[in-house]
């Protein structure tokens, strides 16, 4: 066993949950850091409590300030009304009018000053940064046929590697998790299932009205020479430039991002642009091949939440144990040495 301390930098939440005793959270946007005692699960709980406290403190401050500002406004209105009433009661006496007006103005000024002083004395509470939420509503494509894809004794040979024979069926709206070691044939199985690879023997058939969205393909659609917004507009010509910018903003890609080329975006930003493209096109079969490789932890958590509302068929290839537990799945396929086994 390791006797000294160890520092782990990882996106594998299950690995972190099993190993770490303290968590250092770096917030680059705020330029801050914080150490959380306890393991990873404890960190998640404490982080949520801390966020809630910040939201509560700000809401209490904002309500107090709004109340004082409203009262100051009312005070000004009452004082003005007082001046008008005094003038109305003595319309012909300039001396009385001036006196009423001056007294009212002084009272008004004094009370408004008191309110402003109370507003200044309020301890300012900064509004907490809103956690970016992935607005992910893929599913605008028409529903596919009831059976999306069928493999019947399908075999693929690549050099010395053989996948199959495989007999499988994917139904509309079905959610499949696919696991297995690297090089086992997971990506080959995806290509075979979705018409990207013709079997050397056996049969592979694709249903009708199948609109496939592959996150990796979507990510690589953007060029390294053209700004993201322009590239997106040419890929989805039916959307106006304003609609493109609104959609990208929903995926956390704001003005400073859309002017950059894909090569200047981080892997996570490029993935989010790919997800936005899939949403714009509308898909009923979503393929995620190791999606967490290019995302940071907040984006992984947001992708999991987003997949809850997606209604089409889902093929999720992942080593991320936490993601496989969190995302709702109907079936699990395990691929090893070219053999596909149904786990449940």
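In the working numbering, the protein residues as written are 179 to 522.
Here a beta-carbon is modelled for each residue, glycine too, at the ideal position from N, C-alpha and C.
Pull up the DSSP beta-bridge partners for residue i, would you.
i	result
residue 210	205
residue 491	463
residue 188	Residue 188 pairs with nothing; no bridge assigned.
residue 519	512
residue 354	493, 509
residue 430	Paired residue(s): none; residue 430 is not in a bridge.
residue 335	340
residue 349	325
Taking only the alpha-carbon atoms, compute the straight-line gap between residue i and residue j and give it to the nearest angstrom.
i	j	result
residue 297	residue 230	25 Å
residue 426	residue 441	17 Å
residue 446	residue 512	27 Å
residue 349	residue 325	4 Å
residue 399	residue 245	52 Å
residue 397	residue 184	35 Å
residue 152	residue 380	Since the first and last residues shown for the chain are 179 and 522, residue 152 lies out of range.
residue 524	residue 342	With the chain covering 179 to 522 only, the question about residue 524 has no answer from this structure.
residue 506	residue 328	22 Å
residue 243	residue 288	19 Å
residue 565	residue 301	Beyond the ends of the chain as shown, which are 179 and 522, falls residue 565; an answer cannot be given.
residue 291	residue 241	20 Å
residue 424	residue 378	45 Å
residue 193	residue 294	54 Å
residue 464	residue 490	7 Å
residue 226	residue 480	15 Å
residue 201	residue 228	14 Å
residue 389	residue 368	15 Å
residue 482	residue 413	26 Å
residue 347	residue 354	11 Å
residue 215	residue 239	29 Å
residue 221	residue 213	9 Å
Three-state secondary structure (DSSP) at residue i?
i	result
residue 193	helix
residue 198	coil
residue 239	helix
residue 389	coil
residue 375	coil
residue 343	strand
residue 442	helix
residue 217	coil
residue 456	helix
residue 473	coil
residue 403	coil
residue 381	strand
residue 324	coil
residue 329	strand
residue 417	coil
residue 300	coil
residue 412	helix
residue 295	helix
residue 448	helix
residue 398	coil
residue 437	coil
residue 305	coil
Spatial neighbours of residue i within its chain, please: C-beta separation below 7 Å, excluding the five flanking residues on both sides.
i	result
residue 190	498
residue 247	297
residue 199	217
residue 204	211
residue 250	290, 293, 294
For residue i, I'd like the list of residues in its chain whose CB is within less than 6 Å of its CB, leaving aside the five on either flank, ordered along the chain.
i	result
residue 474	446
residue 386	323
residue 452	393, 396, 397
residue 362	513, 514
residue 176	Look at the range of the chain in this structure, 179 to 522, and you will see that residue 176 is not part of it.
residue 485	505
residue 391	456, 461, 464
residue 358	364, 512, 513, 514
residue 384	327, 373
residue 466	393, 494
Can you find the residues in the same chain that come closer than 8 Å, C-beta to C-beta, to residue i, ignoring five residues on each side of it along the sequence?
i	result
residue 236	303, 304, 305, 306
residue 406	400, 426, 431, 435, 436, 437, 438, 439, 440, 443, 451
residue 186	193, 194, 197, 198
Distance cutoff 8 Å, beta carbons only. Does residue i sit that close to anything in chain D?
i	result
residue 503	The structure shown contains no chain D; it is built from a single protein chain.
Counting pairs of beta carbons, one from the stretch 364-373 and one from the stretch 417-435, are three or more of them closer than 8 Å?
No: the two stretches stay apart, fewer than three of their Cβ pairs being nearer than 8 Å.
Segment contact flag, the stretch 412-426 with the stretch 456-463, C-beta cutoff 8 Å, min 3 pairs
As far as the Cβ criterion goes, the stretch 412-426 touches the stretch 456-463, which means the pair count is three or higher.
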